[in-house]
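Each remark here refers to the structure printed beneath this line.
Residue numbers (my numbering): 2 to 631.
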C-alpha cells in the first residue's frame, strides 16, 4: 500500500509540478549571516553560502521565511540583491527569480555548472519590524535558518548595529553543542563547526528600548526583561536536564534493565530445566529407537510439519526438506519404494504399501503426484511453478495469478495437515510417553518479563541515539552500545527459549530421550574422525544413513560407506551410496520449498508490489530559512 502511494505521488509531481526541483549531490563549505539592525527597527540581512558540487547542477536555492511568532508588521522585501561567484569569478547579469510562498520567499538562482565547481551565492535582504518593542527592551527572537539540505561545515553569524545588543544568545536545540558567542566592538559574532542538515538556529537578544525611539510602536505594553531572562534560564536548565538524561539517566536505567533480564533468565532456566544432568559430548553408535523420521521429529524434538512448512516463517530442529528426504530414504530402506537407474535417469517406483503408516502414504502421494513411478527430478510435479507466473505481469493478470497461487497454497496446506494428523496418530499408537510439559503461568510471566527487560534497552537505546543525533546532533555512544547488547541478549534468549511457549519444555523422560538422540547425533557429527575399529563395529549403516539425512550429515556417512566399501542388504541403498545420489535427492526435495514460496507470493500478488526535526531548546522565535540546490 505504501509503495502504491509513493508511485502515485511521484507521478502527480511529474504531471502537476513542472518546476519540481530534483536534489543534487553537494556540500556546503560555509555559511555566513550578517544582520545589521537600524534605529528605526529595519535591518539588512546578508547571507553568503559557499557550495561545492559533487555532480552537475542547474542552480541554487536560498530562502527566508516569516512563519511562527514574528513581530507585528514584520516584512521581507521581495526584491533582494543577488550576487554569484563561480570558481572565484563573478557572474555578471545573474539569472534568478524570487518565488513567493505562503511562509516567505525563495530565491532561485539559475546557474548551471559541472562536478567540482565551487559556487558562492550572496543574498542581501531588507527587513522591517524585526524586533519586538516592549516598554523596557527591544527583543530579537528570530530563526534565520531552519532547513539546510546538507550539513554546513563552517557556520558564522554576525549581529551588528548602531548600538550593540546588551545580551545575545544563540540556540541550536536541547542537546546540540551551541556555537561560540563572542562580543566584538560593533556587536556579536557566533561561530560553529559542522552544523547538521535541517538544524534550526535561533538568535535571542535584547537592546534598551530607548535605542529604538524612532521605530513605530507595535502596541506591546509592559516590561519584558524579566521574562527574557527567565526564558534563557529555562533553556539552560532544559539543556542540562536533557544532557543528563541522555548521558546518565537513560544509560543507567537501560543497564539495570539488562542486568535484571540476565537475572530473570537464569531463574527461568533453573525453573524449566530438568534436575538430572547428562554429559554433553557423549556418543551413541546406534539409533536409540527405530522411529520414522517424522515421528522422531514430532515426539522427541517437538517439531511438526506445519511448523516447518515453507509457507510459514516458523522453525524447529529440522527443515521441511530434511524431513521429506529422510522419509523417502526410510521407505526405500524398508523396501516400499525402489530406485530404478537408467543412465542419467533416476526414478523412484512405489513397490508396496504394506508396512507404511498413513502419513508416509500421504508423503509419497505428495511427492509422486499420485503416480506409481516418477523421475527424481519430477518430484512434486503437481506443484511445479516458476516465478514466470508473475514476473512482468500486468494489472489485468492479478486475479488470475492470485487464484493460481491460492489454489496451490491451499492444496499444499491440506496435504501437510493430513500428513501431520497421521504423524500424531502414529505417535499415539506407539504409546510413546509425553516428553514435554507446558509452561506454568509463573514461567510464562517470567519469560515475558525477560523479553520486556531485554527488548526495551534495544529499542530505547537505538531510538534515543538516532533521535538525539538527528534532532540535536548529539553523539551518545553508550546508547547504541546498550542497544546492541540488548539485541544480542534478545537473540540468545529467543534462540534458547523460542519453542517453550509453543511446545513446552522437556520433562525428565524427555530429557533422557533427548540426551540419547543428541549422543547419536554427536556420533554422526564426528563420524569422519572415529577409529576404524569403531566404524567396523557399526552394523546398522542403512539406518545410520536415514537418520544422517535427517540430521544433515548424509554426505559424511555416504562418503565413509564408499570409502570402506560398506554394503547393506538393500541393493537400492547400495546404489544410492555408490552413485552419490544424495545431492540429487536433496535438490529435488528442496524444490518443493521453492514451489511453495512462489505460490505464497502469487496468492498475495499485486502489480504494485512487484515494483528533520529541530527538537526543543529554543526560545520560541519565528522566521525560517532554507538552503538547497537543483
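Note that CB positions come from ideal geometry on N, CA and C, so glycine has one too.
Check whether the Cβ atoms of residue i and residue j lie closer than 8 Å to each other.
i: residue 200; j: residue 36; result: no
i: residue 207; j: residue 221; result: no
i: residue 451; j: residue 262; result: yes
i: residue 55; j: residue 27; result: yes
i: residue 210; j: residue 134; result: yes
i: residue 50; j: residue 122; result: yes
i: residue 251; j: residue 149; result: no
i: residue 326; j: residue 521; result: no
i: residue 322; j: residue 602; result: no
i: residue 1; j: residue 593; result: Any question about residue 1 goes unanswered here, given that the chain covers just 2 to 631.
i: residue 42; j: residue 213; result: yes
i: residue 352; j: residue 371; result: no
i: residue 510; j: residue 565; result: no
i: residue 104; j: residue 74; result: no
i: residue 141; j: residue 62; result: no
i: residue 196; j: residue 145; result: no
i: residue 386; j: residue 596; result: yes
i: residue 78; j: residue 116; result: no
i: residue 598; j: residue 403; result: no
i: residue 556; j: residue 530; result: no
i: residue 268; j: residue 449; result: no
i: residue 494; j: residue 455; result: yes
i: residue 310; j: residue 417; result: yes
i: residue 501; j: residue 433; result: no
i: residue 425; j: residue 299; result: yes
i: residue 547; j: residue 330; result: yes
i: residue 334; j: residue 423; result: no
Return helix, strand or coil for residue i, following the three-state DSSP convention.
i: residue 422; result: helix
i: residue 575; result: helix
i: residue 92; result: coil
i: residue 590; result: helix
i: residue 443; result: helix
i: residue 539; result: coil
i: residue 438; result: strand
i: residue 1; result: The structure shown has nothing for residue 1, since the chain only spans 2 to 631.
i: residue 567; result: coil
i: residue 519; result: helix
i: residue 584; result: helix
i: residue 596; result: helix
i: residue 627; result: strand
i: residue 48; result: strand
i: residue 304; result: coil
i: residue 403; result: helix
i: residue 548; result: helix
i: residue 450; result: helix
i: residue 615; result: Its pLDDT being 41, under 50, residue 615 is placed unreliably by the model, and nothing is read from it.
i: residue 431; result: coil
Provide the residue span of the alpha helix (DSSP H) that contains residue i, from first to last.
i: residue 184; result: That residue, residue 184, is in no alpha helix (DSSP H); its beta strand (DSSP E) goes 181-185.
i: residue 559; result: 555-564
i: residue 252; result: 251-273
i: residue 239; result: 226-245
i: residue 298; result: 294-300
i: residue 207; result: No alpha helix (DSSP H) contains residue 207, which is instead part of the beta strand (DSSP E) from 202-209.
i: residue 481; result: 479-498
With respect to 7 Å, is the separation between the Cβ of residue i and the closest non-hydrogen atom of the ligand MG below this value?
i: residue 325; result: Of the ligands one can find in the structure shown there are none, so the ligand MG has no counterpart to examine.
Could you tell me the boundaries of the beta strand (DSSP E) in which residue i lies?
i: residue 68; result: 58-68
i: residue 129; result: 119-129
i: residue 31; result: 27-38
i: residue 283; result: It is not in any beta strand (DSSP E) - residue 283 carries neither H nor E in the DSSP assignment.
i: residue 169; result: 168-172
i: residue 97; result: 97-102
i: residue 223; result: Counting along the chain, residue 223 falls outside any beta strand (DSSP E), and DSSP gives it neither H nor E.
i: residue 165; result: Run containing residue 165: none; DSSP gives neither H nor E here.
i: residue 190; result: 188-196
i: residue 505; result: Taken as a continuous stretch (DSSP letters only), residue 505 belongs to no beta strand (DSSP E), as it is neither H nor E.
At a cut of 8 Å, does the region 506-513 reach the region 273-289 through at least three beta carbon pairs? The region 506-513 is in contact with the region 273-289.
Which ranges would you report for the alpha helix (DSSP H) in the region 309-396 if only whole runs of at least 4 residues count? 321-334, 359-369
Can we say the region 530-543 touches the region 296-309, given the rule of at least three CB pairs closer than 8 Å? The answer is no - the region 296-309 does not touch the region 530-543, with fewer than three Cβ pairs under 8 Å.
Any contact between the region 177-192 and the region 231-238? By contact I mean 3 or more CB pairs, one from each, below 8 Å. no
Give a yes or no on contact between the region 348-359 and the region 370-382, applying the rule of three or more CB pairs nearer than 8 Å. Contact holds: three or more Cβ-Cβ distances are below 8 Å.
Evaluate the contact criterion for the region 152-172 versus the region 106-120: three or more CB pairs, one atom per stretch, below 8 Å. no
Does the region 283-292 come close enough to the region 526-541 that 3 or more CB-CB pairs lie under 8 Å? yes
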